[in-house]
Amino acid sequence: MDPRESFPSERLRAPSEHGQALIRPSVTAVETSLAQYHQQLSGQDQQSWLGKPWSEIVATARRDLWTEAIKHSSEYLDTSVFKKTDATRIVLLGHQPELFHAGVWFKNFLAAALSERLSAVTINLLIDNATLKSPAIKVPAGNPADPQIQTVAYDQTTDPLPFEARDVLDHDLFASFAGRVKTATSGWLDDPLVAALWPLVIEGQRATGNLGLSLARGRHLLEQQWGIHNLDVPLSAVCNGESFSWFLACILSQLPRFWEIHNTSLAEYRQAYRLRSKSHPVPTLGKDGDWFEAPFWIWSTTDPQRLPLFVRRQAGQIELTNQQQLTCRLSMPGEEDGQTLVEQLVAQQEQGICIRPRALTTTMYARVVLSDLFVHGIGGGRYDQLTDVIVQRFFGFAPPDFLTATATLQLPIDLPVCQQESLADLDRQLREIKFSPELYLSESTGAPVEANSELAQLISEKQSLIADVQSDQSPTAAWHQRLAQINQQLQPFTTKSREQLTKQRETLQAATEQRSLLSSREFSFCLFPQKTLCPLLLALSGKGL
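Per the numbering used here, the sequence shown starts with residue 8, numbered consecutively.
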């Protein structure tokens with residue numbers, strides 16, 4: 008089969024203009040696919056994994072997800088609004104608990120609107136198995152005459168750790184973040200949202216000490232103030248307990264088969280999209296002798312360095328390792344006794360062993376087990392096309408469709424006016440000066456060409472050379488050489504025109520670069536003014552319906 012037949016041909020891209028949103032597929036199409044998926048679920052009632060009905064695995068996991076989401080969110084906000092909520096339909100989304108750009112935040116607003124339309128509840132997964140790469144954001148600084156991009160840190164930089172294990176290190180730096188952002192951006196921004204956000208974040212830091220939870224708590228409280236009634240829950244909380252361990256056991260018990268399906272499907276995906284990178288959209292799972300790399304991370308609470316999980320079956324046991332100091336041995340029960348394996352995995356959790364899904368298996372678990380609809384950003388939407396194929400081949404059924412959404416929002420900054428057409432026109436004129444300098448002689452010399460006998464003679468000779476070619480004489484090497492010599496001899500007489508055009512181009516290029524810097528969609532949501540950001544996100548999410 009042609010690999011391209013398994014993967015959609017459309018490559019999604021973020022909108023290029025401010026105030027635009029991407030939502031694929033349409034909400035109407037989502038409603039249709041949800042109805043079809045619920046019909047399909049009845050067929051899954053007959054499936055059994057490790058001796059347990061698949062429908063029971065799913066139902067228990069969803070109840071546990073709801074319980075954990077209520078438990079976590081209740082720590083800092085009133086969840087009484089959810090008491091009458093029917094959690095039989097779940098819209099799920101997720102992102103690292105960081106100061107992401109406003110287009111990522113749009114997903115939370117859209118998911119809330121979707122849940123209202125679909126009579127569902129929205130739960131936002133805090134992807135705290137991801138690592139924090141840099142505790143800082145980029146902000147516009149300087150002034151309109153000399154715009155700059157400055158990095159403002161909210162904590163010390165340290166070795167990358169999973170968010171769930173990353174506490175705030177420098178309390179003074181953390182506490183002063185909002186003030187330093189306001190100072191750095193004073194020439195550009197009025198009333199950035201960070202002023203309202205950061206006191207809420209500080210409260211979270213005092214309560215938990217955890218960096219990611221503090222940032223997420225502040226953002227979540229703002230959503231509640233604006234009428235966005237979603238629940239938050241850390242992925243780490245979802246992964247602790249039996250429900251996730253059943254999903255983990257399903258894959259570990261058949262890891263060689265999963266490994267083969269994963270890598271074959273990944274190779275087909277790369278071929279279909281002509282990707283040469285061995286790390287996109289996800290890395291190939293490795294193999295070391297009889298050790299198979301599993302699509303999970305492993306670390307311990309005493310040494311929270313995230314490393315790939317390797318697994319092998321030997322002498323009736325399943326061995327787990329990070330290929331360094333950490334090794335676990337579990338007895339391998341019969342094919343119909345998954346409960347024994349799950350209990351051993353839970354026991355490892357209780358001893359401080361953390362096994363977490365990687366990107367692809369995070370959304371696989373979220374879609375196949377936890378939710379009716381998963382809302383992705385563009386990056387996740389791309390790799391989950393691969394997830395669809397793997398799920399179909401490994402589990403034997405199609406997962407529910409996912410929705411891809413993002414928005415482009417630019418900071419309210421007066422941008423330099425510049426047009427790419429003008430830049431291209433200046434490039435054309437500078438090229439003409441090189442190859443047709445006679446067109447610019449009058450501007451540079453300030454006198455008619457005829458007044459300079461040397462110029463007149465060179466131009467006359469060039470015209471004769473061109474006329475020879477136009478009269479069907481094939482140009483020779485000598486002809487090309489002489490034409491180039493004449494153009495070179497004319498260059499000193501074009502200095503003024505060339506300098507003027509070069510200066511115009513430099514000015515326009517600088518304005519273009521400034522515009523590119525200041526119009527980036529990657530600026531953190533906390534830099535936007537609250538009075539315009541919230542209404543815009545609400546309006547865009549409403550249009551999506």
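Positions of the beta carbon are idealized from the N, C-alpha and C atoms, including for glycine.
Inset, instruction - In the DSSP assignment, find the beta strand (DSSP E) that holds lysine 145 and state where it starts and stops. - result: 143-150
Legend entry - glycine 323 burial status per 10 Å Cβ neighbour count (16 or more: buried): exposed
Inset, instruction - Look at the Cβ atom of phenylalanine 170, then the Cβ atom of asparagine 217, and state whether they are nearer than 9 angstroms. - result: yes
Legend entry - Beta-carbon proximity list for methionine 8, same chain, < 7 angstroms, skipping 5 on both sides: Low local confidence applies: a pLDDT of 49 at methionine 8 is under 50, so the model's placement there is unreliable, and no value is given.
Legend entry - Where leucine 273 sits in the DSSP three-state scheme: helix
Legend entry - the region 372-380 touching the region 15-31, judged by at least three CB pairs closer than 8 angstroms: no
Legend entry - As assigned by DSSP and simplified to three states, the class of histidine 227: helix
Inset, instruction - Let me know the secondary structure DSSP gives methionine 8 once reduced to three states. - result: Note that methionine 8 scores a pLDDT of 49, beneath 50, so its modelled location is shaky and nothing firm can be said.
Inset, instruction - Taking 9 angstroms as the cut-off, decide whether the C-beta atoms of glutamate 75 and alanine 214 are in contact. - result: no
Inset, instruction - Taking only the alpha-carbon atoms, compute the straight-line gap between asparagine 494 and aspartate 434 and give it to the nearest angstrom. - result: 18 angstroms
Inset, instruction - Confirm, please, whether the CB-CB distance from leucine 508 to leucine 437 is below 9 angstroms. - result: yes
Legend entry - DSSP-derived helix/strand/coil call for glutamine 54: coil
Legend entry - C-alpha gap between glutamine 212 and leucine 515, whole angstroms: 46 angstroms
Legend entry - Where the beta strand (DSSP E) through leucine 327 begins and ends: 324-328
Legend entry - Unbroken stretches of the beta strand (DSSP E), 3 residues or longer, contained in the region 472-522: none
Legend entry - Beta-carbon proximity list for proline 142, same chain, < 8 angstroms, skipping 5 on both sides: Ala160, Tyr161, Asp162, Gln163, Thr164, Leu218
Legend entry - At least 3 beta-carbon pairs within less than 8 angstroms: the region 54-72 vs the region 240-259: yes
Legend entry - Selection from Glu506, Ile397, Leu72 that minimises the alpha carbon distance to lysine 441: Glu506
Legend entry - Whole-angstrom distance between phenylalanine 116 and arginine 18, CA atom to CA atom: 24 angstroms
Legend entry - histidine 178: first and last residue of the uninterrupted alpha helix (DSSP H) it sits in: 178-182
Inset, instruction - Quick one: which unbroken alpha helix (DSSP H) runs of 4-plus residues sit fully inside the region 380-427? Chain order, please. - result: 385-402
Inset, instruction - Let me know if valine 88 comes out buried or exposed under the rule of 16 or more other beta-carbons within 10 Å of its beta-carbon. - result: exposed
Inset, instruction - Give me whichever residues DSSP pairs with cysteine 361 in a beta bridge. - result: Trp306
Inset, instruction - Look at the Cβ atom of leucine 418, then the Cβ atom of phenylalanine 113, and state whether they are nearer than 9 angstroms. - result: no
Inset, instruction - Check whether the Cβ atoms of valine 382 and alanine 405 lie closer than 9 angstroms to each other. - result: no
Legend entry - Distance between proline 444 and proline 290 (C-alpha atoms, nearest Å): 54 angstroms
Inset, instruction - For my contact list, asparagine 136 and tryptophan 266 are in at a C-beta cut-off of 8 angstroms; report their separation, rounded to the angstrom. - result: In fact, because the Cβ distance is near 20 angstroms, the residues do not count as touching under 8 angstroms.
Inset, instruction - Tell me whether leucine 99 counts as near the ligand NAP, meaning its Cβ is closer than 8 angstroms to at least one heavy atom of that ligand. - result: The ligand content of the structure shown is nil, which means the ligand NAP is not present either.
Legend entry - The alpha helix (DSSP H) enclosing threonine 368, as first and last residue numbers: 366-372
Legend entry - Residue range of the beta strand (DSSP E) that includes valine 128: 128-133
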